[in-house]
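Asks: The opening residue of the sequence shown carries number 1093 in my numbering; numbering runs sequentially from there. We put the beta carbon where it would ideally sit given N, CA and C, even for glycine. Bear in mind the structure is a predicted one, so any value in this text is a computation, not a measurement. Handing you this structure, nothing more for now.
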Amino acid sequence: MTSWPILSMQITSQSDVVAVRQRAKRIADLVGFDNQEQTRIATAVSEIARNAFEYAGRGTASFRLDAGKDKLQILYITIKDEGPGIENLQEILDGRYASSHGLGIGITGARRLMEKFRVESKEGGTVVEIGKPFTRRQALLTRERFAEIAALLAKERPESDPHAAMALQNQELALSLDEITNRQEELGRLNRELEDTNRGVVALYGELEQKADELKQASELKTRFLSHMSHEFRTPLNSILALSDLLIKRVDGQLTEEQETQVSFIKRSAESLYEMVNDLLDIAKLEAGRLDLHVSTFTARDLLGGLRGVMKPLQRDDKVRLVFEDPPPDVVSITSDEGKLVQIIRNFVANALKFTIEGEVRVSVSRDPETKHLLFSVNDTGIGIAPNDRERIFEEFSQIDSPTQRMVKGTGLGLSLCRKLADLLGGRILLESKVGKGSTFTLDIPELAEAAGPEADEGATYVERDRFPQLSPLQKQGQITVLIVDDDAAFRYALRQMIAGHNSAYNVIEAPDGAEGVVKARDLHPDVIVLDLQMPRRDGYQVLSDLSSDPETSRVPVLLLTSADYETLSHERIAAARGFLTKRGLSRDTIASALNRVLESSP
């Protein structure tokens, strides 16, 4: 056995985790693995490196190439830490461990992605070794070629820009999703061939069943990976959005015109990436059957009025008019999932504005006289869609090649997601279009939808950011002490500025983790606690339980503020909280209103 060491890296920060992932992908590329295998190797290494950093504080990652007597070459990566060890290791390996912070997901995910997997854990440290054998298509590395690779890696440096690294990971994720979709299409083709010939069915059945099981496991892994990574993506994006908003609103001083332009570009890019992450996560949930309906009754007038306020700023110039027609008399109330309905129509309007150079975009609602269904239509005078492209635009990551399309950025996920959401609402999407004349997208849904998702528990008020009334300042003698418990230093800073920046009525104290948050709550007796749920070691669920069970802190109202979606939370475990807010799009007004609401509801 011959072993050739490639390089070693220290893992002492989140940026080191990103750097290790980049190095893993680069090494896999240099030794000859294809794009899919590169992504598998980089993802597995990233998950184990993140575990080493989050649960041990630091670690090392070593890359080497082993060559056996049979000329089989294997790329090995060994990640070591000196942490407390993994207490539930066997449960994790057996698939019986349910983790609220992602430790088990990272280990089992890496194990499934790599052919070689070995883990040893005890008090004082954990060693994880993963390996990927060369495929038959790969050329064996000679000593000369290995020396060239080592010299090249010594000269290169990993990408230091977190935005570029995040965008690159997002592209790799999109490519993996595309490859999985191609596998699904291939499996469908094999099924049709089996139905046509009916020969050799018995011999092929075992192979087909195995491939179907592998595909199901890959789809489940994709969904779990997306769900876990959504927080990893959303946390830094929320910080970028909050900090850029503070700069644009000149909370801490004036900006030059050039600085304002630069900050606006940063915010716009972060918003685009945030929307893409949400779309990918929604698609994964839909495919896994885990996206539920939350049905309520609302009026068509309120729905279109809210959309009008949201979409008007997207008008690029006066050459395109955005018109919202008043609902007809026979369309008054609607019982459906308002959020998903708005998501579909908003996507229709955004696309229409993008691809209409001149004319108008008209939004209307009517009732089908035969089916009694509601028809939400968005009509534009834009470029139109050719007949052979009308089905393709609903495919994931699909875009039409045209001069106008090249000028407009997008992911190709929007319409695919809209069709899936329409199915979830019990409806469908209709399309009429003529090239050069325009298009009409119509959402056809029943007036009454059946609820499929759980309602919010009584104890945990779901506070919707967009519906906060403008409350007057809280009437309280002296300063209001707010304790922020969040592991993201950038977001804590932004939140402090929103609450107490230039406002002496608030005194803000911070805790960077759950354990310190509990101690400060007991010692300092704050008036309200703002708590993040997803934190390493002691998460927000445990902190909330500790606070509610302690007579010293049980009466302090808690406002949950997290990147996670409300429907994904354990409602039973957040029953002691007084309110909930998502981190996306926070402003001074919304956080002030939320704090007032929570404080006024406290006993």
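State the CB to CB distance for the pair Arg1103 and Arg1150, rounded to an integer number of angstroms; the pair is presumed to be in contact (CB under 8 Å).
Replies: Note on residue identity: the sequence assigns Ile, not Arg, to residue 1103. 6 Å between Cβ atoms; contact.
Asks: I'd like the span of the alpha helix (DSSP H) that includes Ser1138, first residue to last.
Replies: Counting along the chain, the alpha helix (DSSP H) containing Ser1138 begins and ends at 1127-1148.
Asks: What does the alpha-carbon distance come out to for the pair Arg1113 and Asp1460?
Replies: For Arg1113 and Asp1460, the distance between alpha carbons rounds to 53 Å.
Asks: Since Ser1100 is in the alpha helix (DSSP H), which residue starts that stretch and which ends it?
Replies: Per DSSP, Ser1100 belongs to no alpha helix (DSSP H); it is in the beta strand (DSSP E), 1094-1103.
Asks: Which partner residues of Gly1609 appear in the DSSP bridge assignment?
Replies: Partner(s): none; Gly1609 has no beta bridge.
Asks: Can you tell me which of the three DSSP states Lys1404 falls into?
Replies: Here Lys1404 sits in helix by DSSP.
Asks: On the three-state DSSP scale, how would you describe Arg1228?
Replies: Residue state, collapsed to three classes: coil.
Asks: Quick check: the Cα distance between Val1441 and Arg1511, rounded to an integer number of angstroms?
Replies: Rounded to whole angstroms, Val1441 to Arg1511 spans 15 Å at the Cα level.
Asks: Please determine, among Phe1238, Gly1506, Ser1425, the residue with the shortest C-alpha to C-alpha distance to Val1369.
Replies: Nearest option by C-alpha distance: Gly1506.
Asks: Check whether the Cβ atoms of Ala1362 and Phe1583 sit closer than 8 Å, and answer yes or no.
Replies: No.
Asks: With distance defined between alpha-carbon atoms, name the residue in Ile1426, Val1123, Ser1154, Gly1124 nearest to Ser1138.
Replies: Considering only alpha carbons, the answer is Ser1154.
Asks: Is Ile1375 buried or exposed, if buried means 16 or more other CB atoms sit within 10 Å of its CB?
Replies: Answer is buried; the Cβ neighbour count reaches 16.
Asks: Would Ala1038 pass as a contact of Ala1111 if the rule is Cβ separation under 8 Å?
Replies: The first residue shown for the chain is 1093 and the last is 1695, placing residue 1038 beyond what the model contains.
Asks: How big is the Cα-Cα spacing for Arg1393 and Ile1449?
Replies: Cα to Cα, Arg1393 sits roughly 28 Å from Ile1449.
Asks: Distance check for Asp1515 and Asp1429, CA to CA, integer angstroms please.
Replies: Computed Cα separation, rounded: 12 Å.
Asks: Would the beta-carbon of Leu1517 fall within 8 Å of that of Leu1433?
Replies: Yes. Within cutoff.
Asks: Kindly indicate which residue of Asn1688, Ser1640, Ala1656, Val1453 has the alpha-carbon position closest to the one of Ala1667.
Replies: Out of Asn1688, Ser1640, Ala1656, Val1453, Ser1640 has the C-alpha closest to the C-alpha of Ala1667.
Asks: Assuming Thr1094 contacts Ala1159 under a Cβ cut-off of 8 Å, what Cβ separation, rounded to an integer in Å, is found between them?
Replies: Yes, Thr1094 and Ala1159 are in contact; Cβ-Cβ is about 5 Å, under 8 Å.
Asks: DSSP three-state label for Asp1536, please.
Replies: The answer is strand: DSSP assigns Asp1536 an E or B state.
Asks: Does DSSP classify Arg1393 as helix, strand or coil?
Replies: Reduced to three states, the DSSP call for Arg1393 is helix.
Asks: When you compare only the Cα positions, how much space is there between Glu1452 and Arg1188?
Replies: Their backbone Cα atoms lie some 57 Å apart in a straight line.
Asks: Identify which residue in Leu1167, His1386, Gln1435 has its Cα closest to the Cα of Gly1398.
Replies: Gly1398 has its Cα closest to that of Gln1435, out of Leu1167, His1386, Gln1435.
Asks: Quick one, which of Val1577, Gly1593, Ile1621, Pro1618 has its alpha-carbon nearest Glu1608's?
Replies: Residue Val1577 is the option with its Cα nearest to Glu1608.
Asks: Between Leu1523 and Arg1482, how many whole angstroms is the CB-CB distance? I'm expecting something under 8 Å.
Replies: Yes, Leu1523 and Arg1482 are in contact; Cβ-Cβ is about 6 Å, under 8 Å.
Asks: Since I believe Leu1279 is in contact with Ala1304 (beta carbons under 8 Å), could you give me their beta-carbon distance rounded to a whole number of angstroms?
Replies: Correct: roughly 7 Å between the Cβ atoms.
Asks: Which stretch, first to last residue, makes up the beta strand (DSSP E) that contains Tyr1702?
Replies: Any question about residue 1702 goes unanswered here, given that the chain covers just 1093 to 1695.
Asks: Between Thr1353 and Arg1342, what straight-line distance do the alpha-carbon atoms span, to the nearest angstrom?
Replies: Between Thr1353 and Arg1342, the C-alpha separation is close to 13 Å.
Asks: What is the rounded straight-line gap between the Cα of Leu1365 and the Cα of Leu1652?
Replies: Their backbone Cα atoms lie some 24 Å apart in a straight line.
Asks: Tell me, please, whether the region 1627-1643 touches the region 1589-1602 by the rule of three or more beta-carbon pairs shorter than 8 Å.
Replies: At 8 Å Cβ cutoff, the stretches do not touch.
Asks: For Val1470, name the three-state secondary structure that DSSP assigns.
Replies: Val1470: strand per DSSP, three-state reduction.
Asks: Just to confirm, is the Cβ distance from Glu1417 to Lys1464 under 8 Å?
Replies: Going by C-beta atoms, Glu1417 is not nearer than 8 Å to Lys1464.
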